[in-house]
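The numbering used here applies: residue 1 is where the sequence shown begins, and numbers increase by one. Take a look at the structure set out below.
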Amino acid sequence: MRRWVLIVLTIALVGVLVVGVTSLLGIPVTSDIAPEQEREPTMVELSTGQELWTYYSASPGNFEQRSAINIVIANATTSDVVSLLAEDASWLETETEEGDAGSEAFSFGELDPGHHEQPLGWGQAVGTERFVYTAVEDEGHWLEESAQLHDGDYYGTRDHLRLYELPGEHPAVAIQAHSEHFDWFTLRHTVTSVEQAQKAVERDLMAVLGVEQVTRIFLGNDTVYDSDGWATFVAALLPLLFVLSSARTRVHRAPVGVIAEHFRDRIEPIHLVLAGTMVAIIFGVRLAGIGLERYTDLSVYMIAILLFPFIFIGIPLAAYALGRQFIARMDAAMSASIGLATAIILDYLYLGLAVLPIETILHRGGLVMAVGLVAAGAAAHANGRETAKRFIAGGVALWVLLVALTLFAIL
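And the structure:
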């Protein structure tokens, strides 16, 4: 077998191992996330009189099951719920807009929508618009969010809530709660669980209202993510309990895990430098994003513009520059591939993720292969080998293709 074929197969094996190691470390993957389409919505009647389609959709008029409604608070308004959950609701301002539903819309004034005033605890959030469908006395309405809250970091992990105020004689608030993390390879948030965020809100509600006031009702919307179809339900809010004590603030703790991969033979400092650089770039961008979000006035968009080049350009550039210091192509390829694979897995462990889409794991495996090819090509180029251009061109093309597919939401 020709040497370059062996190198390519070995790099591919490292990419495949990303999937296997991720599963062994307790980060299960799932392919059951594709939204289903309903021609006619299946409605559930609430105790307050409204009928509700128990999912939200990306656009009005399209009954695509993007995620499940998993919290319902009856006899309450959005203002009531925000005042209950937010440690500091001073950012909340209401203004009445004309619309089919006649509900209130909430503005965050001059505050940057990507920031929250509290480093921990429920605060204002920003996210893509999603829509729910409700009906009162057989008259249907599409509603957009009346508010969004989150607990965590925009550029780390967070629990994200979308609140929808349902009109009617007895108003109610439907909430879609999910856990997500920011993916620097796609510049988007990836949802990992709906059950985890629901339980977090449920614990907060119980701490304030009492266990007996918080129950669950079956909505049957168990077709997306890890939803079991049971929604947290509160029959009514008590006005005197509208502020959470500071003792209920949650701290996200990442599980402890260390992955040690090393060469058994011929290990030299340059091997560790290349692998360590991959880890440093991934963690540097992650921590820099969280730090800039918390301690500067930069918008989330400006932070992404500043840091994404370190991912898109910095990783393959480091693989090429350091790969040129190697004599053996296999050593360069393995150092870069194992370094990036380790960085990705450690990043997931740091974020404390509970579940990942199989598409995400396969995508990361492809990126690991691409970086390995670039490093192997750099080593070959430095030693005058004819295969250099093929390795470098193949690695760069694969890297650009995979990043572009996710940036443009094709993959």
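We put the CB at the ideal spot given by N, CA and C, even for glycine. All values reported here derive from a predicted model rather than from experimental measurement.
- In the structure shown, the three-state DSSP call for residue 376 is helix.
- Rounded to whole angstroms, the gap between the alpha carbons of residue 156 and residue 181 is 6 Å.
- Residue 224: not part of any alpha helix (DSSP H); DSSP gives it neither H nor E.
- Take residue 279, set aside five residues on each side of it, and the residues of its chain with a beta-carbon closer than 8 Å to its own are 339, 342, 343, 346, in chain order.
- With a 10 Å radius around the Cβ and a threshold of 16 neighbouring Cβ atoms, residue 138 comes out exposed.
- Taking every protein chain shown into account, the CB of residue 194 has 16 or more other CB atoms within 10 angstroms, so this residue is buried.
- Taking C-beta atoms as the reference points, residue 232 and residue 70 count as a pair closer than 8 Å.
- According to DSSP, residue pairing for residue 165 in a beta bridge involves 173.
- The residues 131, 142, in chain order, have a CB closer than 7 Å to that of residue 60 in the same chain once the five nearest residues on each side in sequence are set aside.
- In the DSSP assignment, residue 215 is bridged to 233.
- In this chain, residue 313 is not harboured by any alpha helix (DSSP H), its DSSP state being neither H nor E.
- Residue 226 counts as buried, since no fewer than 16 other beta carbons sit within 10 angstroms of its beta carbon.
- The beta carbon of residue 290 sits closer than 7 Å to those of 153, 155, 156, all from its chain and outside the five residues before and after it, given in chain order.
- Assigned with DSSP and collapsed to three states, residue 136 falls in strand.
- Within its own chain, the residues whose Cβ lies closer than 7 Å to the Cβ of residue 186, once the five positions on either side in sequence are excluded, are 406, 407, listed in chain order.
- Around the beta carbon of residue 353, a 10 Å sphere encloses 16 or more other beta carbons of the protein chains shown; the residue is thus reported as buried.
- If you draw a straight line from the Cα of residue 387 to the Cα of residue 400, it comes to about 20 Å.
- In this structure, DSSP gives residue 148 an extended state, which the three-state scheme calls strand.
- Distance from the CA atom of residue 198 to the CA atom of residue 271, rounded to whole angstroms, is 44 Å.
- Looking at the DSSP output, residue 182 bridges to 189.
- A Cβ-Cβ contact shorter than 8 Å links residue 337 with residue 368.
- Around the beta-carbon of residue 292, 16 or more other beta-carbon atoms lie within 10 Å, marking it buried.
- Of the candidates 55, 165, 379, the residue whose Cα lies closest to the Cα of residue 178 is 55.
- Taking the CA atoms as reference points, residue 53 sits about 13 Å from residue 229.
- C-alpha of residue 330 to C-alpha of residue 316: approximately 17 Å in a straight line.
- Distance between residue 145 and residue 220, taken at the CA atoms: about 22 Å.
- Apart from sequence neighbours up to five positions away, the residues of its chain that approach residue 370 with a beta-carbon distance below 6 Å are 395, 398, 399, ordered along the chain.
- DSSP places residue 52 in the uninterrupted beta strand (DSSP E) bounded by 51-53.
- DSSP places residue 153 in the coil class of the three-state scheme, outside both helix and strand.
- At the C-beta level, residue 320 and residue 378 come within 8 Å of one another.
- Straight across, the Cα-Cα distance linking residue 73 with residue 237 is about 8 Å.
- Relative to residue 409, the option among 356, 215, 224, 190 whose CA is nearest is 190.
- Straight across, the Cα-Cα distance linking residue 235 with residue 47 is about 9 Å.
- Within the DSSP bridge table, the entry for residue 307 names no partner.
- The residue from 381, 362, 372, 380 with its alpha-carbon nearest to that of residue 402 is 362.
- The three-state secondary structure of residue 352, taken from DSSP, is coil.
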